[in-house]
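By our numbering, the letter at position 101 of the sequence shown is numbered 104, and the numbering carries on one by one without gaps. For each residue, glycine too, the CB sits at the ideal point set by N, CA and C. Source: prediction; values computed, not measured. Beneath this line is the structure, given in structure tokens, with notes to follow.
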Amino acid sequence: MARRKLTNRQKTDTAKKYSKVEKMNKLIKQMADENLSPTERWRLLGPEMKAIILYRCHGGETVKSVCRDLGLEPATVYMAAFKDKEGFGADLKDAREHGQHALADTMLETPFRTDLNSQDKRLLFDACKFLTKTRGRETYGDKVELSGQVDTNVALPNWAFGQVIDATPQAEQLTDQSSDNGVPIDADYEEEKTPVDRKGD
């Protein structure tokens, strides 16, 4: 069956429909870009932004605080680090680990700050102490050295395949541990008769 040819008017209407769809898609895309908040400029995460983030994280700042100042979303930085694990991801990890030294300096400066009350100082000090001990155990963690040596030899059984273990107790093992005389359990002995039993004899 031959396909019916479209008239010029039908072709024009079809072209208009496609153009309307394209215009609508462009309009939706434009509205979506305009409705984005100013902090979601994920397209602007270039080499300069990455260098600034790494530099400030080396100084002990958090990724959130840096992104807040730069107008970026933290998810943008974390996503870039996840996609480039050997490059930017490894650099960001090293920067955050090196920032623990700045946290240690913060611990030393916290008691002398005048803009915080005693409760806030205590909270900040405990938080910095926890982070420095957990992130840098080799430098700031507690070191415990064990002195002395245990020389107790422990005999372990040989559980070789197919080994038959004789669990029959020996005669010297069958002693009544609760009695003082050490008489074997299976030994024959005569019970001591009471005066009533002697009258019956």
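My assumption, with CB atoms under 8 Å, is that residue i sits in contact with residue j. Please give the rounded CB distance.
| i | j | result |
| --- | --- | --- |
| Ala98 | Phe91 | Their Cβ separation, rounded to whole angstroms, is 10 Å, which puts Ala98 and Phe91 out of contact at 8 Å. |
Quick check: the Cα distance between residue i and residue j, rounded to an integer number of angstroms?
| i | j | result |
| --- | --- | --- |
| Met110 | Asp129 | 9 Å |
| Pro77 | Lys23 | 38 Å |
| Tyr58 | Asp87 | 18 Å |
| Ala54 | Cys131 | 25 Å |
| Met27 | Leu95 | 41 Å |
| Val66 | Pro114 | 25 Å |
| Ala105 | Asp118 | 19 Å |
| Gln122 | Glu112 | 15 Å |
| Gly49 | His61 | 19 Å |
| Ala107 | Asn120 | 20 Å |
| Cys70 | Phe85 | 17 Å |
| Ala93 | Gly74 | 23 Å |
| Arg12 | Lys19 | 11 Å |
| Glu100 | Asp72 | 21 Å |
| Glu89 | Tyr81 | 13 Å |
| Lys124 | Glu25 | 59 Å |
| Leu134 | Ile56 | 20 Å |
How should residue i be labelled, buried or exposed, when 16 other C-beta atoms within 10 angstroms of its C-beta is the threshold for buried?
| i | result |
| --- | --- |
| Met52 | buried |
| Gly63 | buried |
| Ile291 | Absent from the model: residue 291. The displayed extent of the chain is 4 to 204, so no value can be given. |
| Leu126 | exposed |
| Thr17 | exposed |
| Thr10 | exposed |
| Ala15 | Reading the sequence as shown, one finds Thr at residue 15 and not Ala. Answer is exposed; the Cβ neighbour count stays below 16. |
| Thr79 | buried |
| Gly102 | buried |
| Thr137 | exposed |
Review point. Can you give, in chain order, each stretch of the alpha helix (DSSP H) that sits fully within the stretch 63-150 and has at least 4 residues?
Key: With a minimum length of 4 residues, the continuous alpha helix (DSSP H) runs that stay inside the stretch 63-150 are 66-73, 77-86, 93-101, 103-112, 121-138 and 140-143.
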